[in-house]
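First comes the structure, then the notes that go with it.
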Amino acid sequence: MILQELTTLYQRLQNNPDLDICEPGFSKENISFKIVIDRDGNFKSLEDLRTTEGKNVRPVKILVPKFDGKRTVGIKSYFLWDKSDYTIGWKKDEKAKEFSAVEMPKTHGAFIELLDEIAAETGLHHPAVAAIKNFSTNPATVEKLRANPKWEEFLNTFAVFEVEGFGKTVFDDPAITDAWRRYYAVSATGKEMEQGLCLVSGNLAALTTTLPTIKKGVGGKNDTPFVSCNIESGESYRLTKGQNAPISSTAAAQFTGALNYLIDTPKHNLKIGDTVTIFWAERNDKFSDAFGEMFDMKRVADDAHSKDLHIFLQRIRSGKLPDNLEHDDSRFFVLGLAPNAARVSVRFWHVDTVEQMAGKIGRHFEQLQLVRQFPDKEQEFPSMWQLLVETAALHETKNIPPNIVGPLMRSILSGHDYPKNLLSILVSRMRVDQGYNRLSYYRASFIKAILNRNYHKELAMSLDKDRTSVPYCLGRLFAVLEKNQEDSAEGNINATIRDRYFATASAKPKVVFALILRLAQNHLKKLKSVRPKSVGYRERLLGEIMGKLTDFPATLALEDQGEFAIGYYHQRQSFFTGKGNATVETSENQPETIELSEEE
1 MILQELTTLY QRLQNNPDLD ICEPGFSKEN ISFKIVIDRD GNFKSLEDLR TTEGKNVRPV
61 KILVPKFDGK RTVGIKSYFL WDKSDYTIGW KKDEKAKEFS AVEMPKTHGA FIELLDEIAA
121 ETGLHHPAVA AIKNFSTNPA TVEKLRANPK WEEFLNTFAV FEVEGFGKTV FDDPAITDAW
181 RRYYAVSATG KEMEQGLCLV SGNLAALTTT LPTIKKGVGG KNDTPFVSCN IESGESYRLT
241 KGQNAPISST AAAQFTGALN YLIDTPKHNL KIGDTVTIFW AERNDKFSDA FGEMFDMKRV
301 ADDAHSKDLH IFLQRIRSGK LPDNLEHDDS RFFVLGLAPN AARVSVRFWH VDTVEQMAGK
361 IGRHFEQLQL VRQFPDKEQE FPSMWQLLVE TAALHETKNI PPNIVGPLMR SILSGHDYPK
421 NLLSILVSRM RVDQGYNRLS YYRASFIKAI LNRNYHKELA MSLDKDRTSV PYCLGRLFAV
481 LEKNQEDSAE GNINATIRDR YFATASAKPK VVFALILRLA QNHLKKLKSV RPKSVGYRER
541 LLGEIMGKLT DFPATLALED QGEFAIGYYH QRQSFFTGKG NATVETSENQ PETIELSEEE
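Okay, so the sequence shown: first residue is 1 according to the UniProt record's numbering, each after it adds one.
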């Protein structure tokens, strides 16, 4: 199913005149240098093609002929381009302490042999190829290259050739690329395997034993296979390599080409931790373009577009799909990839209609909806990274648990429960972290979403004074006691009860609340001298919450610890903001009403 859809996508991409999609047998590769020679093979110059971005020097992408598969330990030359040990027979000794160039006759011989082989099989007798062969085999011209100032940087990098009069590179000449196509058509099919039934197309075709690789981007690894079988224990009886999953060379090139395009195109992927999520639409390209932005609004640079996206997200969150999505039964595809030893593994694969998927994403954001602590700094629609980093030690991306990204995305897209271990991870981090990170807006909204979806808690966006749930009321009570402590000290306090007792209070309330309620009497006495007109309001608030509690439980279950956190968060925010109208304390001991924007 995955390979068929990728193959179909590749065929669509090839028909798009605005895209430059590589045909089978060609690939855009990282090239650092260009060797310029004349028609007789005499060395003219060495051009450094690399670009500089800050301190980084990067090669450029150039379309070149390339076999399918990955060159590993064996000797296998590329046609009219390669590393220096192939093109001129010299390489840098990486093990030497000081710079040293060593001669590589075997790899250099393979480069020349391929030129001769292609000439013999395709009838290619081209003056540019002859010039390159003359240059490569003439020690005098190579010596001129060795004298170039860029010699040390050139070694061990990929280079192409320019022969004067035949374009910027020899691949600009149609006679050379056509000869390669004829050679590739034979070498990639007839020589490798017999005709067989292709698992992707279902047609009888020439099969390949070595499948193309994904060039880059999955877990930071390059040239990794998507389909492979290279150990005897994984092979079927009497079958080797590609025979275990018979795929035609054409289909293999197509689905790999589609994968490389999706991974290399930012608007078609999300990268979080070691997982790359790629996505595409059957017809609705506008929804595909918006999909990545929905999970990371920071990708939107244009203010007008950002406003439109914000309105769109508000609509789908409320369950009202835009006209262009309602009743859209075209399919949308999401594929999660991650590195796994020597190959790429599939973390998740989800297919749905555009209408259904938009509705499920909207439900996700509806369950995340929570009053924000700092509306100017915090995003109303949290990104995947902002949620997942709440599970990580020290709030560092590298510490995001690797087994979380895929299941979370799968639960969002399918509408099923969030991963069962997520709440445990978030509560554990909440007990360990300090300050804002203990219960940030993003962590609190994530906990609320899990409680509402997995445990059907029906928690509101902001403070719910009518809620009588014991864990929720305990969280509210803790927030009020902490606020009394802060105000009584007039900000001159090193550590609040949150810093010392939050973890225990949320798990074993009976142990802690007896102590902090005794401390609360001292805080109220100090508050009378500092803010005397606020004491009455605080005492009534404490009385209202305590009236909903008959006893302090000895322990709270995991989901109740999460609800404790939401009660604390809601009550804490109610001192500064509210829903629709905000209530804050005034010196006259009367609540003052502040009009808030509809956003809040």
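Glycine included, C-beta positions come from ideal geometry on N, C-alpha and C.
Report the three-state DSSP secondary structure of residue i (helix, strand or coil).
| i | result |
| --- | --- |
| E103 | strand |
| residue 606 | In the structure displayed, the chain extends from 1 to 600; residue 606 sits before or after that span and is not available. |
| A554 | coil |
| Q14 | helix |
| L309 | helix |
| R372 | coil |
| Q379 | coil |
| N340 | strand |
| G196 | strand |
| V427 | helix |
| T213 | strand |
| P532 | helix |
| I176 | helix |
| residue 681 | Because the chain is modelled from 1 through 600, residue 681 falls outside the range shown and cannot be assessed. |
Are the beta-carbon atoms belonging to residue i and residue j less than 8 Å from one another?
| i | j | result |
| --- | --- | --- |
| S306 | M297 | yes |
| T213 | S249 | no |
| E162 | K34 | yes |
| A520 | N484 | yes |
| V60 | I31 | yes |
| V530 | E490 | yes |
| F79 | L114 | yes |
| L542 | V535 | no |
| N244 | E235 | yes |
| V129 | I176 | yes |
| R299 | G362 | no |
| I516 | Y537 | no |
| L388 | V405 | yes |
| V200 | Q4 | yes |
| G25 | Y261 | no |
Based on DSSP bridge pairs, tell me the residues matched to residue i.
| i | result |
| --- | --- |
| I31 | V60 |
| N269 | I278 |
| K83 | F158 |
| F43 | I37 |
| E53 | N56 |
| R71 | Looking at the DSSP assignment, R71 forms no beta bridge with any residue, so it has no partner. |
| S248 | L207 |
| K221 | V218 |
| W349 | L335 |
| F26 | P65 |
| D48 | F33 |
| V163 | I37 |
| W90 | E103 |
Tell me which same chain residues have a C-beta within less than 7 Å of the C-beta of residue i, skipping the five on either side of it?
| i | result |
| --- | --- |
| L19 | L13 |
| N452 | Q367, E458, L459 |
| T137 | I112 |
| V276 | G217, V218, I263, N269, L337 |
| L313 | M294, F365, F381 |
| Y441 | L370, R372, Q373, E378 |
| K267 | D289, G292 |
| L558 | L423, S424, V427 |
| S27 | V64, K66 |
Please work out which residues of its chain come closer than 8 Å, Cβ to Cβ, to residue i, disregarding the five sequence neighbours upstream and downstream, and give them in chain order.
| i | result |
| --- | --- |
| S345 | L337, A338, P339 |
| P105 | G89 |
| T353 | D328, D329, S330, R331, F332 |
Can you give me the Cβ contacts of residue i inside the same chain, cut-off strictly under 6 Å, excluding the 5 residues immediately before and after it?
| i | result |
| --- | --- |
| I566 | K448, L459 |
| F67 | none |
Note down the Cα distance separating residue i from residue j, rounded to an integer number of angstroms.
| i | j | result |
| --- | --- | --- |
| K548 | C473 | 7 Å |
| G109 | V102 | 15 Å |
| K528 | E539 | 11 Å |
| I400 | Q386 | 11 Å |
| H125 | F99 | 38 Å |
| F158 | P402 | 34 Å |
| T504 | S411 | 31 Å |
| K579 | S462 | Any reading at K579 must be qualified, since the residue scores a pLDDT of 41, below 50, and its modelled position is unreliable; the value itself is stated next. Distance between the alpha carbons of K579 and S462 is about 6 Å. |
| I2 | N284 | 19 Å |
| D376 | L155 | 52 Å |
| T468 | E544 | 11 Å |
| E396 | Y436 | 15 Å |
| A253 | S428 | 46 Å |
| H456 | M384 | 22 Å |
| L423 | R476 | 20 Å |
| F478 | S445 | 19 Å |
| T555 | D417 | 25 Å |
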